[in-house]
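Protein chains: 2
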Amino acid sequence: MIRALAFALLFAVSGVSAQTLPSWNEGKAKSAIVAFVKTVTDKKSKDYVAPAERIAVFDNDGTLWSEQPLYFQLAFALDRVKVLAPQHPEWKTQEPFAALLRGDLKTALAGGEKALLEIVMATHAGTTTEEFEKVVRDWISTAKHPKTGRRYIEMVYQPMIDLLRYLRANGFKTYIVSGGGIEFMRPWVEQVYGIPPEQVVGSTIKTKFEMRDGKPTIARLPELDFIDDKEGKPVAINRFIGRRPLLAFGNSDGDLQMLQWTAAGSGLRLMGIVHHDDARREFAYDRESHVGRLDKALDEAKARNWIVVSMKSDWKRVFPFER
Amino acid sequence: MIRALAFALLFAVSGVSAQTLPSWNEGKAKSAIVAFVKTVTDKKSKDYVAPAERIAVFDNDGTLWSEQPLYFQLAFALDRVKVLAPQHPEWKTQEPFAALLRGDLKTALAGGEKALLEIVMATHAGTTTEEFEKVVRDWISTAKHPKTGRRYIEMVYQPMIDLLRYLRANGFKTYIVSGGGIEFMRPWVEQVYGIPPEQVVGSTIKTKFEMRDGKPTIARLPELDFIDDKEGKPVAINRFIGRRPLLAFGNSDGDLQMLQWTAAGSGLRLMGIVHHDDARREFAYDRESHVGRLDKALDEAKARNWIVVSMKSDWKRVFPFER
């Protein structure tokens with residue numbers, strides 16, 4: 263009898279509140295998310311939305327996983343330069359590769375966008391899609407973050423994983439809409455976020471279908487196809503999904519247009535920004551940062567009452583590996 | 263008692279066979295499809311495929327709906343030229359529009375690809391995505407086929423709708439991968455085929471996100487972005503879906519590379535071609551046709567034992583409106 267009572271009490275205590283978004287602290291952000299989801303899934307509400315229309319989009323870098331001290335995909339590219347160097351003796355004297363191989367990142371990146379593009383093309387093109395997938399899988403399962411020593415896929419935000427799960431449990435279809443490369447994300451996001459490859463939207467290089475020894479292959483070409491950032495995000499959402507999102511989360515000015523596009527839909531919508539204000543558990547940066555600058559979008563979020571998530575106060579923990 | 267027996271008999275007769283693909287005649291094509299689906303969904307089979315990997319792709323023109331005497335999207339464009347003519351007095355003397363407005367399709371299309379592109383751009387660009395969606399909805403709900411007098415959305419193949427349903431009931435995710443325009447298809451394919459907008463892959467023109475009077479819009483620009491035909495189909499499948507299909511259906515040489523890409527996957531795959539050999543109920547054409555030419559793909563299908571569906575003998579009925 264007493265055990266039954268204890269069990270009942272335990273059940274009551276660990277009820278809705280603890281089950282819903284368990285890594286979030288009680289507060290304005292969590293309440294707003296839960297209230298929104300309850301409303302749009304309530305058939306009696308005037309803001310009810312049918313399951314098919316429940317599209318939720320998430321930026322990746324800085325929104326679902328970390329992006330400091332440099333975009334993780336750039337870390338991948340830099341590691342890849344080292345792996346490929348023996349096949350490219352000319353890199354010993356050719357910038358930006360020469361500087362990179364000396365370990366001088368600053369000089370290498372001083373060439374700006376042109377240098378960056380050269381690094382990306384040298385490391386992301388020239389393979390088939392299947393070969394590239396294997397390269398990404400190998401890297402992501404072994405490479406480690408320079409500050410935490412953790413594998414990059416461990417540096418994902420547990421509260422955002424909670425949110426993705428909570429939304430899916432409420433009939434939402436969750437998408438990534440990222441400036442990162444589609445084929446850099448697809449090999450691991452299903453396992454880590456529960457987001458399948460067909461729900462990943464991102465930047466692309468051109469590819470070409472061709473027969474190689476009678477075998478159909480898709481070759482990755484050293485040419486940009488589409489940059490899924492800023493104005494590109496609503497364009498890609500329209501192209502890939504063809505529905506306006508009901509909910510959008512980002513963390514930087516690169517996400518502003520996606521948030522605006524979402525907000526301009528009819529009825530209730532939820533727009534959220536992850537604010538990096540936790541130097542102790544993660545990183546603290548916003549208006550002055552080179553990576554993930556959050557300036558205009560922060561002003562607009564405040565002016566329009568979008569949710570601004572404080573990593574410091576809204577999140578019980580940041581990473582899955584924290585106790 | 264007799265009624266119960268009659269009911270039981272009726273139930274037995276109308277059992278599996280009649281319920282599965284009801285508009286298909288018993289025969290090689292239907293048997294091959296059913297055997298394939300049973301195998302890949304059977305957990306005990308060595309060819310079992312998890313539901314997440316059950317991607318099925320379908321061409322649209324000539325595979326899910328008719329494409330004669332001209333692609334229905336071209337019929338839309340021609341109607342649209344007439345609607346827009348009052349806003350374009352210059353068209354009275356400017357080809358290919360002048361010929362079109364005189365009703366002389368042959369002269370208008372004599373300009374080949376260039377003329378066609380001009381017609382498409384004049385009729386598909388220059389609006390926002392929302393305006394264009396409304397234009398398509400209005401047209402598709404009223405315009406009628408020149409030969410049958412039926413609305414175009416009635417000229418869909420009932421056996422293919424059966425097949426889409428059967429696949430979805432078996433855990434497949436069904437996609438359209440068409441040379442047609444994504445935004446020409448999305449407004450009506452969900453209602454007609456049960457395929458949601460986010461599972462439509464097609465050709466695109468460029469679009470641009472911009473603020474108009476403070477309202478975010480996506481403008482459709484008169485510039486080609488991507489032609490989802492031939493080599494473009496596997497490229498688009500890779501870009502949009504990121505998984506290799508388990509099953510692919512087409513009807514013309516424009517689908518050959520999609521079928522080859524599907525066939526080159528590991529394990530069991532199903533490749534099918536709809537062969538237009540029924541002049542009485544639909545149209546009969548293949549190697550010599552300008553629209554939907556089926557030549558190389560027919561040879562390859564026969565050589566590789568892909569399913570070639572005879573509309574004449576494999577389909578109990580073609581259109582939903584038939585008795």
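Protein sequences appear in the order of chains S and E. If you want the working numbering, it's the position in the first sequence, counting the first as 1, plus 262. If you want the working numbering, it's the position in the second sequence, counting the first as 1, plus 262. Each residue gets a CB set at the ideal place from its N, CA and C atoms; glycine is no exception. All values derive from a computational prediction rather than experimental measurement.
Among all the DSSP beta bridges, which residues are the ones paired with residue 537(S)?
Looking at the DSSP assignment, residue 537(S) forms a beta bridge with 572(S).
Return the chain-ordered list of same chain residues with a C-beta closer than 8 Å to the C-beta of residue 272(E), the five sequence neighbours on each side being excluded.
Bear in mind that the predicted position of residue 272(E) carries a pLDDT of just 46, short of 50, making it unreliable; the figure below should be weighed with that in mind. Answer for residue 272(E): no residue qualifies.
Residues, ordered as in the chain, of the segment 523-536 of chain E that lie near chain S by beta-carbon distance below 7 Å
Listed in sequence order: 523, 526.
Excluding the 5 residues flanking residue 579(S) on each side, which residues of the same chain have their C-beta closer than 7 Å to its C-beta?
Excluding residues within five positions, the ones whose Cβ falls inside 7 Å are 285, 420.
Specify the secondary structure class of residue 483(S) as computed by DSSP and reduced to three states.
In the structure shown, residue 483(S) sits in a strand (DSSP, three-state: E or B).
Just mark residue 325(S) as buried or exposed, buried being the case when its beta carbon has 16 or more other beta carbons within 10 Å.
Here residue 325(S) is buried: its Cβ has 16 or more other Cβ atoms, across all protein chains shown, within 10 Å.
Can you give me the Cβ contacts of residue 341(S) inside the same chain, cut-off strictly under 8 Å, excluding the 5 residues immediately before and after it?
The beta carbon of residue 341(S) sits closer than 8 Å to the beta carbons of 401, 405 from its chain, once the five residues preceding and following it are set aside; these are given in chain order.
Using a Cβ-Cβ cutoff of less than 7 Å, which residues in the same chain neighbour residue 412(S) once the five nearest sequence positions on both sides are dropped?
Apart from sequence neighbours up to five positions away, the residues of its chain that approach residue 412(S) with a beta-carbon distance below 7 Å are 406, 583, ordered along the chain.
Coarse secondary structure for residue 615(E), derived from DSSP in three states
Examination of residue 615(E) is not possible in this model, given that chain E is present from 263 through 585 alone.
Counting only C-beta atoms, is residue 316(S) closer than 9 Å to chain E at any point?
Not an interface residue.
In the DSSP output, what is residue 306(S) paired with across the bridge?
According to DSSP, which records beta bridges pairwise, residue 306(S) is partnered with nothing at all.
So for residue 443(S), helix, strand or coil by DSSP?
Secondary structure of residue 443(S) (DSSP, three-state): strand.
Assuming residue 523(S) and residue 478(E) make a contact with CB atoms under 8 Å, what is their CB distance in whole Å?
Going by Cβ atoms, the distance from residue 523(S) to residue 478(E) rounds to 5 Å, so yes, they are a contact pair.
What residues of chain S sit near residue 444(E), judged by a beta carbon separation below 8 Å?
Result: 501, 504.
Chain S contact residues for residue 519(E), given Cβ-Cβ distances below 8 Å
Ordered by position in chain S, the residues that pass the 8 Å Cβ test against residue 519(E) are 471, 478.
List, in order along the chain, the chain S residues whose C-beta lies closer than 7 Å to that of residue 466(E)?
Against chain S, a Cβ distance below 7 Å from residue 466(E) picks out 501.
Length of the line joining the Cα atoms of residue 445(E) and residue 414(E):
When the Cα atoms are used, residue 445(E) and residue 414(E) turn out to be separated by approximately 16 Å.
Just to check my reading of the structure: residue 480(S) and residue 463(E) have Cβ atoms closer than 8 Å, yes? What is that Cβ distance to the nearest angstrom?
Wrong, their Cβ atoms sit about 15 Å apart, outside the cutoff.
Quick one: what does DSSP say residue 402(S) is sitting in, helix, strand or coil?
It is helical.
Would you kindly check if the distance between the Cβ of residue 388(E) and the Cβ of residue 423(E) is under 9 Å?
Against a cut-off of 9 Å, the Cβ pair of residue 388(E) and residue 423(E) comes out as no contact.
In the DSSP assignment, what residue or residues form a beta bridge with residue 437(E)?
Bridge partners of residue 437(E): 319(E).
Extent of the continuous beta strand (DSSP E) to which residue 469(S) belongs
That run of the beta strand (DSSP E) goes 462-474.
So with CB distances below 9 Å, who are the chain E contacts of residue 570(S)?
Neighbours of residue 570(S) on chain E: none; closest Cβ ~20 Å, over 9 Å.
In angstroms with no decimal places, state the Cα-to-Cα distance between residue 438(E) and residue 488(E).
Between residue 438(E) and residue 488(E), the C-alpha separation is close to 16 Å.
For residue 435(S), count neighbouring C-beta atoms within 10 Å of its own C-beta (all shown protein chains included) and say buried if the count is 16 or more, exposed if not.
Burial call: buried.
Interface residues of chain S around residue 493(E) at Cβ under 8 Å?
Correct list: 470, 471, 472.
Secondary structure at residue 296(E), three-state DSSP: helix, strand or coil?
DSSP places residue 296(E) in the helix class (H, G or I) of the three-state scheme.
When you check each C-beta in the segment 382-409 of chain E against every C-beta of chain S, which residues fall closer than 9 Å?
Residues of the segment 382-409 of chain E whose Cβ lies closer than 9 Å to any Cβ of chain S, in chain order: 391.
Sort 492(E), 490(E), 550(E), 470(E) by Cα distance to residue 390(E) and report the nearest one.
The residue with the shortest Cα to Cα distance from residue 390(E) is 470(E).
9 Å Cβ cut-off: residues of chain E touching residue 460(S)
Close to residue 460(S), with beta-carbon spacing below 9 Å, are these residues of chain E in chain order: 317, 435, 437, 460, 461, 502, 503, 504, 505.
Just the C-alpha distance for residue 560(S) and residue 440(E), rounded to the nearest angstrom, thanks.
Those two C-alpha atoms are separated by around 41 Å.
Interface partners of residue 427(E) on chain S, CB under 7 Å
Correct list: empty, because the minimum Cβ distance to chain S is about 17 Å.
Given that a residue counts as buried once 16 or more other Cβ atoms are within 10 Å of its Cβ, and exposed if not, what is residue 573(S)?
Taking every protein chain shown into account, the CB of residue 573(S) has 16 or more other CB atoms within 10 angstroms, so this residue is buried.
Within this structure, are the beta carbons of residue 323(S) and residue 333(S) separated by less than 9 Å?
Their beta carbons are under 9 Å apart, which means residue 323(S) touches residue 333(S) by this criterion.
For residue 509(S), report the span of its alpha helix (DSSP H) as first-last.
Element bounds for residue 509(S): not the alpha helix (DSSP H) but the beta strand (DSSP E), 509-512.
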